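Top line first, the protein sequences correspond to chains D and L. With my numbering applied, the first sequence covers 1 to 269. With my numbering applied, the second sequence covers 1001 to 1377.
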Amino acid sequence: MDYLQYLRLDKFPHIWCAGCGDGIALKAILRAVHNIGWEKDNIAMVSGIGCSSRTPGYVDFNTLHTTHGRAIPFATGLKMARPEMNVIVVSGDGDATAIGGNHLIHAARRNIDLTVLIYNNHIYGMTGGQVSPETPMGDFATTAPYGAMENNFDISGLTIAAGASFVARCTVYHANLLGKLIEKALSKKGFSLVEVMSPCPTAYGKINKKGTGNEMILNQKQLAVRVERAKTMSPEELKNKIIIGTIIDRELPEYVNTYEKIISQAQRR
Amino acid sequence: MKPRTYMMQGNVAVAEGAIDAGCRFFAGYPITPSSEIGETLSKRLPEIGGKFIQMEDEISAMGAVIGASLGGVKSLTATSGPGFSLKQENIGYASITEVPVVIVNVMRGGPSTGLPTLPSQSDVMQARWGTHGDHPIIVLTPATVRETYDMTIQAFNMSEKYRVPVILLMDEIIGHVYEKVTLPNIDELTIINRKKPTCSAQEYLPYIADETLIPPMANFGEGYRYHVTGLVHDETGFPTNKTDQIEVMLNRLNSKLDKYSDEIIQYEDTFTEDAKIGIVTYGSSARSSKNAMRKAREQGIPVGMIRIQTLWPFPTERIYEFGRQVSHIIVPELNLGQIAHEVEHAVKGAAEVVPVNKINGDPIHPEEVLLKIKECI
C-alpha cells in the first residue's frame, strides 16, 4: 500500500526520537485505515498533549490537537455532532490515564463509538521523563529518583470494567498484529481501545538502563504472550509479561446510536 | 402565528434563545444556579433533532462543545463560578483556535464553593481574564428575562461572526427570576452563521484572514482537511515558533474585535441627557439602581444611568464621555468593585467614582443606591 497518500509530507521530519515506537504505531494505523477503505474526509484524529499526541499533525485527515488529557471530550462532542465521522483518539499513558483518566472511563462507560489508542511508554516523554501512572513500581523517572512508589493502572481491565466494547493490547514489535488489532478496533461499533506498548529509549530507557530503542523493542518480543496462551498460565508466570491480542470483543449498545433513537422518539411525541 | 407569551425563568430563556439561535448541542455538568439550562435543553434538544450530554465534569463539557462546534453544530455550555474556573483552559483553546462557542455563567458568590444559591456579580474579571494569556473575549450581561433570550441569540451571532468564545454572564437573580415574556417570531430574528470558505480544499488556509480579520471556517467532515491546535500556529494551522509568524497570528487574534467594537459594545442610557449625577451598573444591580434613580428624580435630583450590556470589550469611550458630563459616577455591583475600577480607568479622573459594593449574598437595595446619590449632591 501507499502510505504517503495519508501523510502530510511537508510536516516531516517528525519530532519522535530514534528508537521511539510511535512511528511504527502510526504506520499500523494507516494500514488499518487503508484496509477498511475509509475516505480521508470522513476521518478525524483527535489528540491531547504529549509525544503520541503529535501524531495528528502528520496525517492528512481532519486533525485536532487539543488540551492535555481532554482529547476524548473533544472527540465526544465531534462524534455527537457528526455521527457519520470516524473518530480516532491518539493519546499517551500520562495524557489518557492521569490527567484524562476520568474521561477515559466515562467514554468507555457510555460506549461511544470512538477508537482510543493509548501509546504506553511508561513515562512523560515530552516533558522530559517524569513518573506516570504506568511507570512500573521501582523504575526511575526524573520525579521518581528513588523509584516509582505507586501501583499502575491496568488500562485494559479498567476500560473493560467501565463498559468498553473492544479492548486489545499489542507491542510495536508485533507491528503486523498491531495493524490488525487497530483495524478491528476501528471497525467496532462502540468504544474501542488499543493499548500500544511503545518504547521510549530517551526518557524512560536511559534512566532505567533498558538499552537502545532497538533493544527495547526486541525485549518486547521476549515479554509478549498471546492472550490465548496467557489463559493457560499462572499469575506468577505472567508477572512482567505483556499480554497481547484481543482482550475483549463484545456487542453492547452504542451511545450515539441510542441517542439517535431517543431523538426519533422525542420527535414522534 | 400565535404569540409566544410565557411566564419564564431567565435560565429557561437561555435555553429557548439558544434553540432559536440554531444551537443543537449542549454539554454541561450540574451546578447551581445554572442547572435549569441543561435540564431544559435535555428535554428540548432531542425534540428538534439536537443533542444534550451531561459530561463527567466541567472541563469535558467545555471540550465537548468545542468538538461539536468544529463539526459544524452551534454549541452551548452553562455553569457557575466553580465550574467556570474549571472551564478556563478550554475557553482559551476556543479563543486561540477561533472556534465559536457560547458559555453561560450564572454567577454565585465566591471564592471557591462560596454561595451557591445567592446572587453575586463577582466573576466579571474571571470572564475577561480567567484563561491564561492575552486573548479576545466577548462578555454580555442581561438584566431581564426577555433580554436574556435576546442576548443568548446575540451571543451565538457574535460567536459565529467573529469566531470567538462569547460568555453570557448572568447573576443568580436574572437566572431564577420569572417574568412574563413575549418572544419574537422565529422569522423576525436575525441569525448569523459562520462564514465558510469559498476556495477549493487545496487552496484553503484555515487561519488566513482578509480585511475582515476573521478567517472563513470549514467544518470537519466537509472536505477541507486541516489541522487545529492550541499551540500558536501560522496561517496553515500548524504550530510555529517563528517570532514573525507568532506576531502576525497573535496580533490579528487580539485585535480582531477592535474592528467591530461599535457593533459589539452595547449599553442602555436612561435619563442621561440632563444628568448631573451618574450611575453605571449592570445585571440585577441595574434593576435596583433604576428604582433608586426614579426616586431621586421624583425628589428633583438629576440622576442618569448607563446600564452596561457588553461588559467586555468595555464601553470605555461612552463612560469617558459620561464622566465629563457628571460630577459623580455611582457604580453599584455585587462584588468589591471589579467594574468600578474599570470605570475609574475610563473616566480618567473627570468624575468621582463612587462604588456601591456588596458581597454578603443580599442583592443591592434601591435605598442603598439612593443614599449614595444623596451623598453626591
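Note that beta-carbon positions come from the ideal geometry of N, C-alpha and C, so glycine has one too. Just so we're clear, the structure is a prediction, and the values are computed from it rather than from any experiment.
Apart from the 5 residues on each side of it in sequence, D/Lys-189 sits with its Cβ closer than 6 angstroms to the Cβ of Asp-113 and Glu-254 in its chain, given in chain order. C-alpha of D/Ile-248 to C-alpha of L/His-1176: approximately 48 angstroms in a straight line. Under the three-pair Cβ rule at 8 angstroms, the segment 1312-1325 of chain L does not count as touching the segment 1291-1302 of chain L. L/Met-1249 sits in a helix when the DSSP states are folded into three classes.
For L/Tyr-1207, no CB of chain D lies under 8 angstroms from its own CB, so it is not counted at the interface with that chain. A straight line joining the alpha-carbon of D/Leu-30 with that of D/His-103 spans about 25 angstroms. Inclusion of L/Met-1008 and L/Glu-1147 in the CB contact set at 8 angstroms is not warranted, their separation being larger than that value. Taking 8 angstroms as the cut-off, the Cβ atoms of L/Thr-1182 and L/Thr-1005 count as close.
Note on geometry: alpha-carbon atoms of L/His-1132 and L/Val-1248 lie some 19 angstroms from one another. With at least 16 other beta carbons inside 10 angstroms of its own, D/Tyr-124 counts as buried. Scanning the segment 1086-1122 of chain L from its first residue to its last, the whole beta strand (DSSP E) runs of 3-plus residues come out as 1102-1107.
D/Arg-268 and L/Leu-1189 have their C-alpha atoms roughly 27 angstroms apart. One alpha carbon belongs to L/Ser-1255, the other to D/Ile-217, and they sit about 50 angstroms apart. Given a length threshold of 4 residues, each whole run of the alpha helix (DSSP H) inside the segment 1001-1036 of chain L is given here in chain order: 1010-1021. Measuring C-alpha to C-alpha distances from L/Asp-1020 to each of L/Val-1104, L/Ala-1061, L/Lys-1002 and L/Asp-1150 identifies L/Asp-1150 as the nearest. One thing to note: L/Arg-1024 has its Cβ no nearer than 8 angstroms to the Cβ of L/Gly-1063.
For D/Ala-98, no beta strand (DSSP E) encloses it, and the DSSP letter there is neither H nor E. Look at the segment 1008-1029 of chain L: the residues with a C-beta under 7 angstroms from a C-beta of chain D are Phe-1025 and Ala-1027. Listed by position along chain L, the residues whose Cβ is nearer than 9 angstroms to that of D/His-65 are His-1227, Val-1228, Thr-1229, Gly-1230, Leu-1231 and Pro-1239.
Residues Ala-108, Val-167 and Leu-193 of the same chain have their beta carbon placed closer than 6 angstroms to that of D/Thr-159, with the five preceding and five following residues left out of the count.
Taking D/Ile-43 as the centre and dropping the five residues before and after it, the same chain places the C-beta of Phe-61 and Asn-86 closer than 6 angstroms to its C-beta, in chain order. Taking a contact to require three or more Cβ pairs closer than 8 angstroms, the segment 1042-1060 of chain L and the segment 1193-1207 of chain L do not qualify as touching. Taking 4 residues as the minimum length, the alpha helix (DSSP H) runs contained wholly in the segment 1121-1181 of chain L are 1124-1129, 1145-1162 and 1172-1176, in order along the chain. A distance below 8 angstroms separates the beta carbons of D/Leu-64 and L/Val-1228.
DSSP places L/Asn-1185 in the coil class of the three-state scheme, outside both helix and strand. Of all residues in the segment 1053-1072 of chain L, the ones placed with a Cβ closer than 7 angstroms to any Cβ belonging to chain D are Ile-1053, Met-1055, Glu-1056, Asp-1057, Ile-1059, Ser-1060, Gly-1063, Ala-1064, Val-1065, Ile-1066, Gly-1067, Ala-1068, Leu-1070, Gly-1071 and Gly-1072, in chain order. Between L/Glu-1352 and chain D, the shortest Cβ-Cβ separation is not below 8 angstroms.
Segment contact: the segment 1337-1351 of chain L against the segment 1267-1282 of chain L, three or more CB-CB distances shorter than 8 angstroms; contact assigned.
The Cβ atoms of L/Leu-1205 and L/Glu-1235 sit closer than 8 angstroms to each other. Assignment of beta strand (DSSP E) within the segment 1200-1246 of chain L, counting only whole runs of 3 or more residues, yields 1227-1229 in chain order. Beyond the five residues adjoining it in sequence on each side, D/Thr-246 comes within less than 7 angstroms, by CB distance, of Ala-168, Leu-181, Lys-184 and Val-227 in the same chain, given in chain order.
In this structure, the straight-line span from the alpha carbon of L/Ser-1095 to that of D/Thr-55 is close to 23 angstroms.
Residue environment for D/Phe-12: exposed (fewer than 16 other C-beta atoms within 10 angstroms of its C-beta). Counting along the chain, D/Ser-156 sits inside the alpha helix (DSSP H) bounded by residues 155-162. Excluding five sequence positions before and after D/Ala-32, the CB atoms of its chain that fall closer than 6 angstroms to its own CB belong to Gly-179, Ile-182, Glu-183 and Leu-186, given in chain order.
Boundaries for D/Tyr-3: no alpha helix (DSSP H) harbours it, and the DSSP string shows neither H nor E there.
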